[in-house]
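All remarks here apply to the structure that follows.
Residue numbers (mature numbering (1 follows the signal peptide of the UniProt record, and there is no 0)): -20 to -1, 1 to 194.
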């Protein structure tokens, strides 16, 4: 049995590595294409390209373009999240070694209100975020989202209105240019459900205030 174990481990690694794609990994700001090193994907991941547009309160727009190994469930999905900032994304995929996915593009969102209201919040360098306002959601953003994003040592928490497709990518992890990016989120259908979720989310913070009198 002891002699068999190394062989089993070898065959396991060989089998799954052999089935995995090799994809270009890169990230760039203010551009719609990039090139980088080739990395081996994990399991059934595909080669993915993602464009992200962020619009500030003053209307200023910034773009980020990424290529990496991604989850097939996120292919060809456009999504958006609106808090104090508005973020729109779209991802495309291909399934051959070192292939170049079709160029992802963004379309204009519907701006009319949809009767959903969500608490909004944006905080950096922390895992806690206290809502400071209520936003009337628009277009297909019919969910209230709570997002926690960690990239290296950087932490960001966002609360706001989100589209269903944005919520479907609620828990993701990707490695771009050696930086591990993790996203964990929860989405609910209305503000009342969001408030219930926040009670659980903020409980550790409230306990700290009560115990330490901070």
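C-beta: ideal position from N, C-alpha, C; glycine also.
Within this structure, are the beta carbons of residue i and residue j separated by less than 8 angstroms?
i: residue 168; j: residue 140; result: no
i: residue 26; j: residue 73; result: yes
i: residue 71; j: residue 30; result: yes
i: residue 47; j: residue 79; result: no
i: residue 83; j: residue 12; result: yes
i: residue 63; j: residue 102; result: yes
Work out the CA separation of residue j and residue i for me, nearest whole Å.
i: residue 105; j: residue 131; result: 11 angstroms
i: residue 65; j: residue 35; result: 6 angstroms
i: residue 61; j: residue 77; result: 32 angstroms
i: residue 85; j: residue 39; result: 19 angstroms
i: residue 144; j: residue 54; result: 12 angstroms
i: residue 28; j: residue 112; result: 36 angstroms
i: residue 58; j: residue 5; result: 21 angstroms
i: residue 43; j: residue 68; result: 10 angstroms
i: residue 56; j: residue 81; result: 10 angstroms
i: residue 138; j: residue 107; result: 10 angstroms
i: residue 22; j: residue 10; result: 29 angstroms
Along the chain, where does the beta strand (DSSP E) that runs through residue i open and close?
i: residue 73; result: 66 to 74
i: residue 47; result: 41 to 50
i: residue 95; result: 93 to 104
My understanding is that residue i touches residue j, with C-beta atoms under 8 angstroms, so please give their C-beta distance in whole angstroms.
i: residue 195; j: residue 128; result: Because the chain in this structure spans residues -20 to 194, residue 195 falls outside the shown range and cannot be described.
i: residue 119; j: residue 89; result: 5 angstroms
i: residue 2; j: residue 19; result: 7 angstroms
i: residue 109; j: residue 125; result: No, residue 109 and residue 125 are not in contact; Cβ-Cβ is about 12 angstroms, not under 8 angstroms.
Starting from the C-beta of residue i, find all residues in its chain whose C-beta is less than 7 angstroms away, skip the five residues before and the five after it, and write them out in chain order.
i: residue 116; result: 93, 97
To which residues of the same chain is residue i closer than 8 angstroms at the C-beta, ignoring the five residues directly before and after it?
i: residue 41; result: 33, 34, 35
i: residue 52; result: 24, 25, 26, 73
What are the boundary residues of the alpha helix (DSSP H) that residue i is part of?
i: residue 147; result: 144 to 148
If you measure from the beta carbon of residue i to each beta carbon in chain C, is any gap under 8 angstroms?
i: residue 69; result: Any reference to chain C falls outside this structure, which holds one protein chain only.
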